[in-house]
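Residue numbers 1 to 142, in the numbering used here, belong to the letters of the sequence shown in order.
Backbone N, C-alpha and C fix where the C-beta goes; we use that ideal spot for every residue, glycine too.
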Amino acid sequence: MPEKVKQGLDKLEEGYVPYNGSAAEHKIPHVTVVPPQEDFSMKDWKKEIEKIEDIPTKFEVTGFGSFWNSSKLGFWGELNANIGVDSPHLTLFDCCNSGEVEEARKTYNFLFGKYVGLELDVISLAVIKRNEGPVHEVKSSA
């Protein structure tokens, strides 16, 4: 995560939970490329990652906003390799109340909307287990 983005996360209102930065260093910044599926085991996810031949090396930011029916906001983007997903995104913070999402989007668009076009390095594809971190990883060639 670039330092300039981390500095923006340090400016969030009290009560908002950044996914990187001084208030939440335990969070791993990651681009979500597949939604959690209860019927997929860790073993299934590992197999899926091993099948991907062209591992992305870049994530280009295409917008800032919220994600579906959640209280999370971050970057929408595109990967430089096709891994069969429609909406890669990078969560920046959780405003913890879905009723505040639109206000938070408007308030913080000036901080994060300016990063459209920014390219972030992708270091690996990984299966990330909630509260544990990466449990399986395939490094990119970058």
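Can you tell me the Cα-Cα spacing of residue i and residue j, whole angstroms?
{"i": "glycine 63", "j": "isoleucine 49", "result": "26 Å"}
{"i": "valine 61", "j": "valine 116", "result": "5 Å"}
{"i": "leucine 120", "j": "glycine 99", "result": "30 Å"}
{"i": "glycine 149", "j": "arginine 105", "result": "The structure shown does not extend to residue 149, since the chain spans only 1 to 142, so no value can be given for it."}
{"i": "aspartate 66", "j": "leucine 73", "result": "Per the sequence shown, residue 66 should be read as serine rather than aspartate. When rounded, the distance between both Cα atoms is 4 Å."}
{"i": "tryptophan 76", "j": "tyrosine 19", "result": "15 Å"}
{"i": "alanine 24", "j": "aspartate 54", "result": "Any reading at alanine 24 needs caution, since the residue's pLDDT is 47, under 50, leaving its predicted position unreliable; the model's value is listed next. Looking at the two C-alpha atoms, the distance is approximately 32 Å."}
{"i": "lysine 6", "j": "glycine 15", "result": "17 Å"}
{"i": "glutamate 103", "j": "leucine 90", "result": "19 Å"}
{"i": "isoleucine 52", "j": "valine 31", "result": "16 Å"}
{"i": "valine 127", "j": "tryptophan 45", "result": "7 Å"}
{"i": "valine 135", "j": "glycine 113", "result": "32 Å"}
Taking the alpha-carbon of residue i as reference, which of the options has the nearest alpha-carbon?
{"i": "glutamate 137", "options": "Leu9, Leu92 and Lys47", "result": "Lys47"}
{"i": "phenylalanine 110", "options": "Phe40, Leu9 and Val127", "result": "Leu9"}
{"i": "lysine 43", "options": "Ser140, Glu14 and Lys129", "result": "Lys129"}
{"i": "alanine 81", "options": "Glu3, Lys4, Thr57 and Leu92", "result": "Thr57"}
Any idea which residues DSSP pairs residue i with across the strands?
{"i": "threonine 32", "result": "His89"}
{"i": "lysine 139", "result": "Ser124"}
List the whole-angstrom C-beta distance separating residue i from residue j, where the pair is believed to meet the contact cut-off of C-beta under 8 Å.
{"i": "aspartate 94", "j": "valine 17", "result": "5 Å"}
{"i": "serine 140", "j": "isoleucine 123", "result": "6 Å"}
Continuous alpha helix (DSSP H) assignments of at least 4 residues falling wholly in the segment 55-125
101-112
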